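The structure appears below as structure tokens.
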Amino acid sequence: MLFSKFERLVAKRYLRAKRKEGFISVITGFAFTGIALGVATLIIVMSVMNGFRQELLSRILGINGHIGIMSPSGFPFNNYEQAIKDIAEFEHVKIVMPMIENQLLVSAGKAAEGGMVRGLNKEDIMKKDVLRKAVANVNMDEFYGNSVIMGYRMAQKMGVVIGDEITLISPNGKVTAFGTVPRMKSYRVIGTFNAGMFEYDANFIFMPLDTAQTYFGMKNGVTHIDVTLDDEKYLTPVRRTIEESIGGAGYVYDWKQSNSAFFNAIEVERNVMFIILTLIILVAAFNIITGLIMLVKDKGRDIAVLRTMGATKGMIMRIFFMDGAFIGFVGTALGLVLGLLFCDNIEAIRQFLQQLAGRDLFSAEIYFLSQLPAKVDYLEVSVVVGISLLLSFLATLYPAYRAAKFDPVEALRYE
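The sequence shown begins at 853 in our numbering and counts up one residue at a time.
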């Protein structure tokens, strides 16, 4: 066996502090608590960052495709139907949908807001899971003619309810002898959608594609072609194939380009948080060193007696190594359990703290999502646990070495 019964017995005895060793026990408790909190906090923060990224990505790719195509000249695609058929034949392409997207002013009563109109076919909306769930409470059979679906946050902000009419005003209007006249037309709101992402729920309006073509004067044209893949890992080869097939007839971009600054910021923040929170575990490891060194000094006479009774330096070293390793192992295990439990119940905890504080702790206007997400990556959790155990074990080596080098003659002389 790696540790003898005698070594385990003595190590266990040293972990139970007597009354006169209370200060040592306090330092050990701080080390234990520090490791547990450090591991738990690191797991929670990394899981929230992962969840935030995944949730945001799923919302973005649920509403937009992996790849977008738009006319480089600003003119609409008039041959988009053939292009859609050709692109749909490419390997790993799941959904190809035409759309019209333009900014305009939305007016209802005395309220006015800037918005984004997206013209879509009803069939295309029902193909995408996020869009289909977003309009689950809307009667899609009414989605034709002069009907629109508003983001529910925009509707709330403007005081619009189902059945009301809104006026859309586009600055790109008709050119007349008296100048450019803005396009204005009223549409009936048949429902609201909830995509779970603030940017879309507060700014977007869905309109039938043919209605959008008429409103923006595009006849049979569209501004964008949206391509969704069956797997994100094929993004680069499929994009290359599309670029080669359309040549200079369109500008091809992907979701990484459209959201690069945002996702790069998340990745940098995630890495920085990992480094900062690892320092908590490092500080706790130093507390283990402090506590064990003080324990070695306090147990000088005991070590001397053990040495004179035949205990080897290796036995003494293993005894104190077990004490430090036990603190690190149990602290890490407790932090692991606390972290995973917190992640599993993070939204319920947020709601409780929100009610307790009486304020919104996760504002959708700031964080883009309406719920606090958490996705546990067990590979990352293993890395966190491994780092914690490694630092804890390394922290025990020096005090254990000092205990093994303790001179029993000097210890007994001054006792």
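Backbone N, C-alpha and C fix where the C-beta goes; we use that ideal spot for every residue, glycine too.
Please read all numbers here as calculations on a predicted model, not as lab measurements.
Measuring CB to CB, does residue i end up less than 8 Å from residue j?
i	j	result
I1179	A892	no
L1020	L956	yes
V1090	V948	no
D976	G914	no
G1162	A888	no
A1156	S1244	no
G997	T1063	yes
G1003	N1055	yes
F1181	P1251	no
F904	P1225	yes
S1097	Y1039	no
M968	H1076	no
I1042	I1001	yes
W1107	I912	yes
V1235	L1192	no
H918	L1081	yes
V1074	Y932	yes
V1124	A1255	no
From the options, pick the residue whose C-alpha is nearest to that of residue i; which is it?
i	options	result
E1119	L1193, V897 and M1169	V897
K1257	D1229, L1208 and I1145	I1145
E1199	K864, V900 and T885	V900
R1092	R865, G920 and E933	G920
F1190	R1153, Q1207 and V1237	Position check: residue 1190 holds Leu in this sequence, whereas Phe was assumed. Looking at the Cα atoms, V1237 is the closest of the given residues.
T1066	I1057, V1079 and K1037	K1037
K962	I1057, G881, K1227 and I1018	I1018
N916	I1168, I1128 and K979	K979
E943	L1231, V1233 and D1083	D1083
I1239	V1012, L1188 and K1149	L1188
A1185	V878, R865, S1112 and G890	G890
Y1230	N902, F995 and R1159	N902
T885	L1192, G1166, L1249 and I1140	I1140
K974	I1014, Y1086, R1159 and M1059	M1059
A960	N991, M992, Q1008 and V1135	Q1008
L1131	V878, K857 and L894	L894
M1006	A988, D1016, E941 and E965	E965
Q1109	V1124, R1122 and T1088	T1088
A1101	K857, S910 and M922	M922
N991	G1011, R1035, R970 and G1015	G1015
Name, in chain order, the residues that DSSP records as bridge partners for residue i.
i	result
Q955	M968
L1020	V958 and K1037
E1106	Note on identity: in this sequence residue 1106 is Asp, with Glu being the wrong assignment. I919.
S950	In the sequence under discussion, the amino acid at residue 950 is Pro, which differs from the Ser named in the question. Bridge partners of P950: I1077.
G1003	F1045
A963	A960
V945	L1081
F929	V1074
Could you tell me the boundaries of the alpha helix (DSSP H) in which residue i lies?
i	result
P1251	Y1230 to A1256
I1057	Unbroken run through I1057 is the beta strand (DSSP E), F1056 to P1060; no alpha helix (DSSP H).
I1171	K1165 to D1196
I977	K974 to K979
L1224	Where L1224 is concerned, there is no enclosing alpha helix (DSSP H), given that its DSSP letter is neither H nor E.
Y1052	F1050 to D1053
P1089	L1087 to I1098
Looking at the unbroken beta strand (DSSP E) that takes in residue i, where does it start and where does it end?
i	result
D1078	H1076 to L1081
Using 10 angstroms around the beta-carbon of residue i, count the other beta-carbons present and answer buried if the total reaches 16, otherwise exposed.
i	result
R871	Here the model assigns R871 a pLDDT of 47, short of 50, so the residue's position is not dependable and the matter cannot be decided.
R1170	buried
L861	exposed
A1047	buried
L840	Because the chain here runs from 853 to 1267, residue 840 falls outside it and cannot be looked at.
E1051	buried
A1247	buried
Y830	Residue 830 cannot be examined here, being either before or after the span of the chain that is shown, 853 to 1267.
F1204	exposed
F875	Annotation note: pLDDT 45 at F875 (below 50); position unreliable, coordinate value reported separately. Exposed is the call here.
E807	Any question about residue 807 goes unanswered here, given that the chain covers just 853 to 1267.
D1196	exposed
A1117	exposed
T880	buried
L1208	exposed
Y1266	Unreliable placement is indicated for Y1266, whose pLDDT of 48 sits below 50; the coordinate value is still reported in the next sentence. Classification for Y1266: exposed.
D1053	buried
N1129	It is worth fixing the name first, because residue 1129 is Leu in this sequence and not Asn. Under this definition L1129 is a buried residue.
P1023	exposed
R1280	Because the chain is modelled from 853 through 1267, residue 1280 falls outside the range shown and cannot be assessed.
V878	exposed
A1113	exposed
V1012	buried
The ligand SAM and residue i: does any heavy atom of the ligand fall closer than 7 Å to the residue's C-beta?
i	result
R984	Ligands are entirely absent from the displayed structure, and the ligand SAM is therefore not among its contents.
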